[in-house]
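Asker: Below is the structure I would like to discuss, written out as C-alpha cells.
Residue numbers (the UniProt record's numbering): 1 to 245.
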C-alpha cells in the first residue's frame with residue numbers, strides 16, 4: 001500500500017486519540033464511586049432488612065400491649081360493675097361475695113398493670129431501636145446521594161473529554177486515505193491498540209525492538225510512500241527524520 005509520509009504520521013495522532021478515548025472509557029468503569037455505591041447499596045439492603053425485622057418485633061410487642069390494655073379495661077369495668085352492685089345490694093352474703101370478687105379483681109388488675117408497664121418499656125426499647133435503624137438508613141441514603149453526585153460530576157467531565165477525543169479523531173481520520181484508515185483499524189484490533197508505531201533511532205516504539213540486519217535494510221530501501229510494518233509486532237512503522245536510517 002502507498003500513502004504519503006504526512007498521512008502515515010497522522011496515524012500516530014489517530015492512535016493517540018483512540019488510546020485516549022479507550023482510556024477515558026476505562027476511567028468511567030474504574031471510577032471509585034462505583035465500588036463505593038456497591039458497598040453502600042449492600043449497607044442499605046442490610047439496614048432495610050434490620051428495619052423490617054425490628055419493625056415486626058415492635059408490632060408484635062404493640063399487639064401484646066393492646067391485648068394487655070384490653071384485659072385491664074375488662075377488669076376495671078368488672079371492678080366498677082361489682083362495686084356498683086355491692087353498693088346497691090342489701091344482702092350481707094351478696095356484699096361479701098362482691099367484696100371477695102372485687103379484691104381478686106384488684107389483685108388481677110395490679111398484676112396486669114405491672115405487666116403493662118413492663119411491656120410499655122419493651123415498646124419504648126423497640127421504638128428506639130427502630131428509630132436508630134431509620135436514622136442509619138437515612139444517613140446511608142445521604143451518603144449514596146452524595147456519592148452519586150460526585151460520580152455524576154466526574155462522568156460529565158470524562159464524557160466531555162471523550163466527546164472531544166472522538167471529534168478530533170474524526171477530523172484526523174478525514175485527512176487520511178480511507179484504505180489506510182481501514183488498514184490501521186484492522187491493525188488496531190489485532191494489535192490491541194498497537195497499530196502504528198514511530199520508528200525512532202531504528203527502534204519500533206510499539207514493541208521497543210531495534211531493527212538490524214535485513215530488517216533494517218528493507219526499511220532503508222523502502223520508498224517514503226510505502227506503508228511498511230514492524231517485523232516483530234506488525235505495527236505500521238512511521239518513518240521520520242528521527243528514524244536513524
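No residue lacks a Cβ here, since even glycine has one placed at the ideal position from N, Cα and C.
Quick caveat: nothing in here was measured; it's all calculated off a predicted structure.
On the three-state DSSP scale, how would you describe residue 257?
Answerer: What is shown of the chain runs 1 to 245, which leaves residue 257 out entirely.
Asker: Return the residue from the list 70, 237, 25, 17 that minimises the CA-CA distance to residue 208.
Answerer: Minimum Cα distance to residue 208 is reached at 237.
Asker: Taking residue 59 as the reference, which of 212, 1, 124 has the closest Cα?
Answerer: Per the Cα distances, 124.
Asker: How long is the line joining the alpha carbons of residue 8 and residue 214, rounded to whole angstroms?
Answerer: Distance between the alpha carbons of residue 8 and residue 214 is about 23 Å.
Asker: What does DSSP give as the partner residue(s) for residue 226 in the beta ladder?
Answerer: In the DSSP output, where bridge partners are listed per residue, residue 226 has 2.
Asker: If you draw a straight line from the C-alpha of residue 134 to the C-alpha of residue 51, how long is it?
Answerer: Cα to Cα, residue 134 sits roughly 7 Å from residue 51.
Asker: With which residues is residue 236 paired in a DSSP beta bridge?
Answerer: Paired residue(s): 196, 229.
Asker: Is it the case that the Cβ atoms of residue 17 and residue 173 are separated by a distance below 7 Å?
Answerer: Contact flag unset, no.
Asker: Indicate the three-state DSSP secondary structure (helix, strand or coil) for residue 29 in the structure shown.
Answerer: Reduced to three states, the DSSP call for residue 29 is helix.
Asker: So, helix, strand or coil for residue 203, using DSSP?
Answerer: In the structure shown, residue 203 sits in a strand (DSSP, three-state: E or B).
Asker: Curious, which full-length alpha helix (DSSP H) runs of at least 4 residues does the segment 93-126 contain?
Answerer: None, since the segment 93-126 contains no complete alpha helix (DSSP H) of that length.
Asker: Bridge partners of residue 210, per DSSP?
Answerer: BP columns for residue 210 point to 203.
Asker: Using a Cβ distance threshold of 8 Å, determine whether the segment 153-163 contacts the segment 14-33, with at least three qualifying pairs required.
Answerer: Yes: at least three Cβ pairs fall under 8 Å.
Asker: How many Å lie between residue 68 and residue 80 at the Cα?
Answerer: Spanning the two alpha carbons is a distance of roughly 18 Å.
Asker: With a Cβ-Cβ cutoff of 7 Å, do residue 196 and residue 204 count as a contact?
Answerer: For residue 196 and residue 204, no; Cβs fall outside 7 Å.
Asker: Tell me which residues share the same chain as residue 2 and place their Cβ nearer than 6 Å to its Cβ, disregarding the 5 neighbours each side in the sequence.
Answerer: 225.
Asker: Three-state secondary structure (DSSP) at residue 241?
Answerer: Here residue 241 sits in coil by DSSP.
Asker: So, under 8 Å CB-CB, residue 243 and residue 200 are touching, yes? Tell me the CB distance rounded to an integer number of Å.
Answerer: The Cβ separation is near 6 Å, so the contact holds.
Asker: Where does residue 89 fall in DSSP's three states?
Answerer: Reduced to three states, the DSSP call for residue 89 is coil.
Asker: Between the segment 108-126 and the segment 30-45, can you find at least three pairs of beta-carbon atoms closer than 8 Å?
Answerer: With the cut-off at 8 Å, the segment 30-45 and the segment 108-126 do not touch.
Asker: For residue 147 versus residue 37, is the C-beta spacing smaller than 7 Å?
Answerer: Contact flag set, yes.
Asker: My understanding is that residue 228 touches residue 11, with C-beta atoms under 8 Å, so please give their C-beta distance in whole angstroms.
Answerer: 12 Å between Cβ atoms; not a contact.
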